[in-house]
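Beneath this line is the structure, given in structure tokens, with notes to follow.
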Amino acid sequence: MSFRLLIVEDSPELLEAASDFFREEGAGLWDVVTASDGNDALAKVNSGSFDLMILDIMLPGASGFDICKAARQISDCPIIFLTALGSENNILKGYEAGCDDYVVKPFSLRHLYAKSLALLKRAKKSGGDILRCGQISLNKKTMLVTVKGRETAINAREYFLLVYLLENKGSVLTRQSILEHVWSDDLDVSDRVVDNTIRRLRESLGSASSQIKTVIGRGYRLTEE
């Protein structure tokens, strides 16, 4: 199992050094995605989910503050600012934007790596009841469903269907398997019920509806975008 890490840094040398260090030190733990300007980073944040983000602040295009605020609209993954801006005002601004930690350059890669692991472990320990995929987030404890950070109302059957899709994101789920897992209390129903519930769920998810893909002749698959 690997965790998706986004590193945003406009210094090519530092970006390469940090990404190489995480890949080598983690030995397969990290799937590292990089961006060297703010606009590219925003596009990546909005098109996929990450388990951890390390953001510079002073960037071409959107700033690190902008990226952090955008990420907080759709995700609560740990975010670390890695920046030369070390004044108290900038540090406070970073935490106000939604970061979890703030590291001032110059810094130690080993120190950054240790902070990253600690934040990741804490997030995974506390987030075991949180299911995410792309714009969609579901809290199994509170049964709260959000799209881009905004609460979305769905009925009970749609909820359990979404849980099954999220728990198996990326996999093709046949109508029969959906019936067995979501309608286990009432197997005297047809495939059409699945299709109709998928249609209603898509309507409820709004902008995230396209994440539920129809696999012709097989069933449905939930994707990141």
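Residue numbering for the sequence shown follows our numbering, beginning at 114 and increasing consecutively. All C-beta atoms in this analysis are idealised placements derived from N, C-alpha and C, irrespective of residue type, glycine included.
ask   = DSSP state of Lys253, grouped into three classes?
value = Translated into positions along the sequence shown, residue 253 becomes position 140. Note: Lys253 maps to coil in three-state DSSP.
Other residues of its chain near Gly174: CB distance less than 6 Å, five sequence neighbours each side excluded = The count along the sequence shown starts at 1 and reaches residue 174 at position 61. Excluding residues within five positions, the ones whose Cβ falls inside 6 Å are Asp150, Gly151, Asn152.
query = Comparing alpha-carbon positions, which option in Glu316, Val158, Asp308 lies nearest Thr265?
reply = Stepping through the sequence shown from its first residue, residue 265 is reached at position 152. With distances taken between Cα atoms, Thr265 lies closest to Glu316.
inquiry  = What does the alpha-carbon distance come out to for the pair Asp308 and Glu337?
reply    = Taking the sequence shown and counting its residues from 1, the one referred to as residue 308 is at position 195. Taking the sequence shown and counting its residues from 1, the one referred to as residue 337 is at position 224. Here the alpha carbon of Asp308 sits roughly 21 Å from the alpha carbon of Glu337.
Inter-residue spacing [alpha-carbon to alpha-carbon] between Ser188 and Glu293 = Mapped onto the sequence shown, residue 188 falls at position 75. Mapped onto the sequence shown, residue 293 falls at position 180. Cα-Cα distance, rounded: 31 Å.
inquiry  = Which residues does DSSP list as the beta-bridge partners of Trp143?
reply    = Here residue 143 refers to the residue found at position 30 when the sequence shown is read from its first residue. Per DSSP, Phe116.
message = By the DSSP assignment, the alpha helix (DSSP H) with Thr310 in it spans what residues?
response = Taking the sequence shown and counting its residues from 1, the one referred to as residue 310 is at position 197. Annotation for Thr310: the continuous alpha helix (DSSP H) segment containing it runs 304-318.
task = With DSSP collapsed to three states, give me the class of Phe194.
result = Residue mapping note: residue 194 aligns to position 81 of the sequence shown, counting from 1. Judged by DSSP in its simplified three-state form, Phe194 adopts strand.
message = So, does the segment 190-207 touch the segment 222-239, judging by three or more C-beta pairs under 8 Å?
response = Counting C-beta pairs closer than 8 Å gives three or more between the segment 190-207 and the segment 222-239, which meets the contact rule.
inquiry  = Tell me which residues share the same chain as Asp169 and place their Cβ nearer than 7 Å to its Cβ, disregarding the 5 neighbours each side in the sequence.
reply    = Working through the sequence shown from its first residue, we reach residue 169 at position 56. Here the set comprises Val121, Glu122, Asp123, Gly177, Leu195, Thr196.
key: At least 3 beta-carbon pairs within less than 8 Å: the segment 245-252 vs the segment 213-223   = The segment 245-252 vs the segment 213-223: no contact.
request  = With a threshold of 16 other CB atoms inside 10 Å of the CB of Arg263, please say whether the residue is buried or exposed.
outcome  = Within the sequence shown, residue 263 is the residue found at index 150, counting from 1. Classification of Arg263: exposed, given that the 10 Å Cβ count is below 16.
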